[in-house]
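Chains as they are written, first to last, in the numbering used here: chain D, 7 to 176; chain E, 1384 to 1574. Single-structure report; data block below.
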Amino acid sequence: MHDARDAEDAHLLERGDHATLIAAYEDVVVQRCLIATRGNEGYDVAQNVFLRLLQELDRGRRYTVPYRVVVHKVVDWTVKEHFAGRPTDVALPEGWDPVDESDPYAEVDDSDLDALWADLAEGDRRVLDLRYVQGLEIDEIAERLGKTRNAVDQALHRAHDKLRTLIGDG
Amino acid sequence: MAEVTRLFDEWAAALARGEQPDPRPILAKAGAGAGELAAMMERFLRARPRAEPDPERVERVRAWIAHEAPLVQLRTRRGVRRDEVVDAVMAEFELAAHKRPIVKRYYHRLESGQIDPARISRRLLVLLARVLDAPAAVVATWRPRPLDVSPAFRSASDVVFAQRAIAAPARARTDAEEDDEEVRALFVSGG
């Protein structure tokens, strides 16, 4: 599921279309910063993530990992620095590397939604796609798939259990 | 569905619909389950494919990169005059007429990046989002891109912007300018 977007990102990087690249990750960055900080400072942290991403792009940085990994790593670093009381409105350190093995935070979680719910039945995965990728209401999903509302609820329930298990394992 | 999973479901579905839900009140509703819900959200955000950005969003980021003030870009795109925003603030908070110039000055400072949008009150943020027809997160996150970055990071657009700034007539502001506690609370309370 990530592959197509990763290819688009690589193309945007090649074209130097930084605006589209940053706009594409606006939701992810803002959501993650607000979830991590739980306060208005999350907006400041998010803005500083965008500044850092742009600074890196302006420097002509090229990455050996997909750009989404870079985005998540910059969020990780910036949030970590925020909680350590260090300024986040400054550039990333020279030589910063999103897959630097000496960085304990460098582990790359490369799972996509398909991998996350790989153990679920095909029918359940279809429900999840309609709900969490296409944004349909539960009644709409039931109608489209010819299922009862309760069956859709059960499929979502199994997915949430899987997610909880993964978090517990992580 | 249990409360945590119901909240997760509503949040994830809202994201899929292209909304920009504020996760904080959702996490607050989870109570003791907030930590688990946050972990579920985090894991989902890492696994979910990014959305295709709409042209308006791309245009907004493009303007930010070019050092345009995001709130000004948003307002002009909507065809809203600054005075109309000021009028909306005056009406919404039932402020006395003599406070209008103070509101106008504070709003100008907000647009020009002299006030951090993350510090404006929740009530004002909701109003601005409504008047500018934009998600609150957009109003609160984006502010004019600063110039005080190391020279190695500066682009050609930075140089042009700096030249414009130098050429612009300086506006002297004195501490003697009228202020108001009620207006200040709206723009810099952070609450």
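The beta-carbon is built from N, C-alpha and C at its ideal position, and this holds for glycine as well. Since the structure is predicted, the reported quantities are computational estimates derived from the model, not experimental observations.
Beta-carbon proximity check, residue i vs residue j, cutoff 8 Å
i	j	result
E/R1433	D/R11	yes
D/R164	D/L126	yes
E/R1483	E/V1468	no
E/R1460	D/E32	no
E/H1450	E/P1527	yes
E/R1465	E/Y1490	yes
E/I1485	E/V1571	no
D/V36	D/V77	no
D/L142	D/L136	yes
D/Q53	E/W1525	yes
D/V80	D/V55	yes
E/E1493	E/L1454	Reading the sequence as shown, one finds Leu at residue 1493 of chain E and not Glu. Yes, these two residues count as a Cβ contact at 8 Å.
E/A1411	E/L1420	no
CB contact below 8 Å: residue i versus chain D
i	result
E/A1474	no
E/P1432	yes
E/V1571	no
E/V1514	no
E/P1527	no
C-beta neighbour in chain E for residue i, strict 8 Å
i	result
D/T26	yes
D/N156	no
D/I147	no
D/H8	yes
D/A90	no
D/G141	yes
D/D82	no
D/D118	yes
D/R132	no
D/A16	no
D/A124	no
D/L59	no
D/R68	no
D/L19	no
DSSP state of residue i mapped onto helix, strand, coil
i	result
D/W123	coil
D/G48	helix
E/E1565	helix
D/H166	helix
D/I94	One detail in the question is off: residue 94 of chain D reads as Thr in this sequence, not Ile. Coil, per DSSP.
D/Y31	coil
E/H1450	coil
D/A161	helix
E/W1525	coil
D/L136	helix
E/L1478	coil
D/H17	helix
E/T1388	helix
E/A1582	As displayed, chain E neither begins before 1384 nor continues past 1574, which places residue 1582 of chain E out of reach and without an answer.
E/R1464	coil
E/L1493	helix
E/G1418	helix
E/R1502	helix
D/D82	helix
D/K153	coil
D/A148	helix
Contact set between residue i and chain E, taken where Cβ atoms lie within less than 8 Å
i	result
D/D98	In the sequence as presented, Asp is not what sits at residue 98 of chain D; that position holds Leu. None at all; the shortest Cβ gap to chain E is about 10 Å.
D/Y49	P1500, A1501, A1520, A1523 and T1524
D/N46	A1501, R1502, A1523 and G1573
D/V36	Q1403, A1520 and T1524
Residue i: contacting residues in chain D (beta-carbon distance under 8 Å)
i	result
E/Q1456	Chain D residues near E/Q1456: none, gap ~12 Å exceeds 8 Å.
E/D1405	L40
E/L1410	I41 and R44
Chain D residues whose Cβ lies nearer than 7 Å to that of residue i
i	result
E/R1440	A29 and E32
E/A1422	I173
E/R1445	A25
Proximal residues of chain E, C-beta to C-beta of residue i below 9 Å
i	result
D/Y138	D1392, A1395, A1396, L1398, A1399, F1427 and R1431
D/R150	Residues of chain E passing the Cβ test: none, with the nearest at roughly 15 Å.
Under 7 Å by beta carbon: chain E residues contacting residue i
i	result
D/H166	T1388 and F1391
D/A52	T1524
Just by C-beta distance, which residues in the stretch 1482-1503 of chain E are closer than 8 Å to chain D?
Cβ proximity to chain D below 8 Å picks out D1499, P1500, A1501 and R1502 from the stretch 1482-1503 of chain E.
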